[in-house]
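Asker: Sharing a structure, written as structure tokens. Questions coming.
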Ligand SMILES: C[S@@+](CC[C@H](N)C(=O)[O-])C[C@H]1O[C@@H](n2cnc3c(N)ncnc32)[C@H](O)[C@@H]1O
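See below:
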């Protein structure tokens, strides 16, 4: 679901940028570390591209592919990220179908980033399935998410537009990651039952029985 004007303004405001750079990125780096040299990263729901910039500069990705449902956001991201030239590839499309949006093969990214986007997706489980599909074995899913508890708050309901059915608690989000074979690294940061930040990994197969 697309953001309304109030949320677009908030997401692109200096305080939100500050929070993302100085709080969210350090927490995610503490849990998941920087990326391996040469890493291909994917950002789902890239908005105006500030997260992709941080993925390149702070997480050390070699390249970032980024997708957003909103063509206006992709245009804004294109302007912000133009200086990275062919290190960035942008596409309009849905995180629930990364093959259609980016022609993303199975096991093609060493890291996927979600800066507050999965709670915007009606079929959010499909998006998690896609994240798990495109991650390489050993790859990492860095996430910052908003729970049903936050979305039910009067301020959220009054100011912003989000899907209302079948939203998730922190536990339900983690259960879905586990169902798709993703394993939480270290612990999780929760803020008042409203927000969660963490990193999950796709295990490297040990090859099974011989
Ligand atoms: C709260 S904003 C976050 C934007 C950006 N990640 C940030 O932190 O600034 C959510 C973004 O998700 C996008 N979005 C919503 N549903 C989507 C979907 N199914 N696939 C990809 N992007 C989606 C919206 O257009 C919006 O840009």
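In this note's numbering, the protein residues as written are -14 to 195. The beta-carbon is built from N, C-alpha and C at its ideal position, and this holds for glycine as well. In this text the structure is predicted, and so the values were computed from the model without any measurement.
How many Å lie between residue 131 and residue 69 at the Cα?
Answerer: One C-alpha to the other measures close to 30 angstroms.
Asker: Taking the C-alpha atoms as reference points, what is the distance between residue 29 and residue 44?
Answerer: So the alpha carbons of these two residues sit roughly 16 angstroms apart.
Asker: Expressed to the nearest angstrom, what Euclidean distance is found between the alpha-carbon atoms of residue 122 and residue 48?
Answerer: C-alpha separation (whole angstroms): 18 angstroms.
Asker: In angstroms with no decimal places, state the Cα-to-Cα distance between residue 176 and residue 129.
Answerer: Taking the straight line joining both Cα atoms gives about 11 angstroms.
Asker: Under 8 angstroms by Cβ, that's how I've got residue 94 and residue 119 pegged, so tell me the actual separation to the nearest angstrom.
Answerer: At roughly 5 angstroms, the Cβ-Cβ gap stays under 8 angstroms, so residue 94 and residue 119 are in contact.
Asker: Among residues of its own chain, excluding the 5 on either side of residue 195, which ones have a beta-carbon nearer than 7 angstroms to its beta-carbon?
Answerer: No answer about residue 195 holds up, because its pLDDT of 44 lies below 50 and its placement is not dependable.
Asker: Since residue 83 and residue 115 should fall inside the 8 angstroms C-beta cutoff, what is the C-beta to C-beta distance between them, to a whole number of angstroms?
Answerer: That belief holds up - the Cβ atoms of residue 83 and residue 115 are roughly 5 angstroms apart, short of 8 angstroms.
Asker: Would DSSP call residue 47 helix, strand or coil?
Answerer: Note: residue 47 maps to coil in three-state DSSP.
Asker: Should residue 38 go down as buried or exposed, given a rule of 16 or more other Cβ atoms within 10 Å for buried?
Answerer: With 16 or more other Cβ atoms within 10 Å, it is buried.
Asker: Look up residue 56 in the DSSP assignment and say whether it is helix, strand or coil.
Answerer: Three-state DSSP puts residue 56 in a helix.
Asker: Out of 172, 85, 141, state which residue places its alpha-carbon closest to the alpha-carbon of residue 105.
Answerer: If we check each option's Cα against that of residue 105, 141 comes out closest.
Asker: Can you determine whether any heavy atom of ligand 1 sits closer than 7 angstroms to the C-beta of residue 146, and answer yes or no?
Answerer: Checking the Cβ of residue 146 against ligand 1 gives no.
Asker: Report the CB separation of residue 181 from residue 145 in whole angstroms; it is logged as a contact under 8 angstroms.
Answerer: Rounded, the Cβ-Cβ distance is 18 angstroms, inconsistent with contact.
Asker: Cutting at 6 angstroms between CB atoms, please list the residues of its own chain near residue 109, excluding the five before and the five after it.
Answerer: Excluding residues within five positions, the ones whose Cβ falls inside 6 angstroms are 103.
Asker: Along the chain, which unbroken stretches of the alpha helix (DSSP H) at least 4 residues long are found entirely within the region 106 to 182?
Answerer: DSSP runs (the alpha helix (DSSP H)) wholly in the region 106 to 182: 109 to 119, 133 to 136, 139 to 144, 155 to 164.
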